[in-house]
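So the structure is just underneath, and the comments pick up after that.
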Amino acid sequence: MLLSSCASKNIKGTYQSIFADAGMFITTINFKTENKFEYIISGDLPDRNFTGYYQIKENIVYLKFDPPKEEDIVNIPNDSIKSIDLILFDDYHDFALKNDNGMEYHQKLLIRKNKLLVYRIASEELIKRIKKYSENNNFLFPGTKVKTKRYFLKKID
């Protein structure tokens, strides 16, 4: 079990991504009492729910996920759907523990001005901007538009 090393940071509440990642997925994190959290990825595919414990050191939140329960594991047949699942979710499914100055974690977030900035799981770099897909059509150029926008999780509750 993890304990908070910096009790002065109060992040309790619900945080949600400001727009859909890859045009499909909204991330919601609910920080609860006793350093527990619920992590939900919702969108076009079935929702994925994770739980675990968090700890805070300086301005970084370290998330450590509980192992998935046997009944929560979905077996996907070995076909093209599985390859799509790996492409879309590979970054979210890395359950290898990392270590940062003695803090074991699966994912980390940076606290900044009532927002949570996300670190990439594979490369550990801070995500500043991601592609945002928009259906805003104009007369000359109809269709989906792709822009890069700042990405973070905003406190909603």
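All the letters of the sequence shown, read from the start, carry residue numbers 1313 to 1469 under the working numbering.
Every residue gets a Cβ at the ideal spot worked out from N, C-alpha and C, and that includes glycine.
Based on Cα-Cα distance, which residue from Val-1373, Ile-1439, Ile-1442 and Asn-1426 lies nearest to Tyr-1417?
-> In the sequence shown, residue 1417 corresponds to position 105, counting from 1. Out of Val-1373, Ile-1439, Ile-1442 and Asn-1426, Val-1373 has the C-alpha closest to the C-alpha of Tyr-1417.
Name the two residues that bound the continuous beta strand (DSSP E) containing Glu-1416.
-> On the sequence shown, residue 1416 is found 104 positions in, with the first residue counted as 1. Where Glu-1416 is concerned, the enclosing beta strand (DSSP E) stretches over 1415 to 1417.
So who's on the other strand from Ile-1341, going by DSSP bridges?
-> Here residue 1341 corresponds to residue number 29 of the sequence shown, with the count starting at 1. Beta-bridge pairing links Ile-1341 to Tyr-1327 and Tyr-1351.
Kindly indicate the opening and closing residues of the beta strand (DSSP E) around Ile-1372.
-> Position 60 of the sequence shown, counted from the first residue, corresponds to residue 1372. Ile-1372 -> beta strand (DSSP E) spans 1372 to 1377.
Under the assumption that Lys-1369 contacts Lys-1427 (Cβ atoms under 8 Å), give the Cβ distance between them as a whole number of angstroms.
-> Your numbering for residue 1369 matches position 57 in the sequence shown. Your numbering for residue 1427 matches position 115 in the sequence shown. Not quite, the Cβ-Cβ distance comes to about 18 Å (not below 8 Å), so this is no contact.
Just tell me which of Ile-1442, Tyr-1431, Tyr-1365 and Phe-1464 has its CA closest to the CA of Phe-1343.
-> Residue mapping note: residue 1343 aligns to position 31 of the sequence shown, counting from 1. Minimum Cα distance to Phe-1343 is reached at Tyr-1365.
Inter-residue Cα distance where the pair is Asn-1270 and Gln-1419 = Because the chain in this structure spans residues 1313 to 1469, residue 1270 falls outside the shown range and cannot be described.
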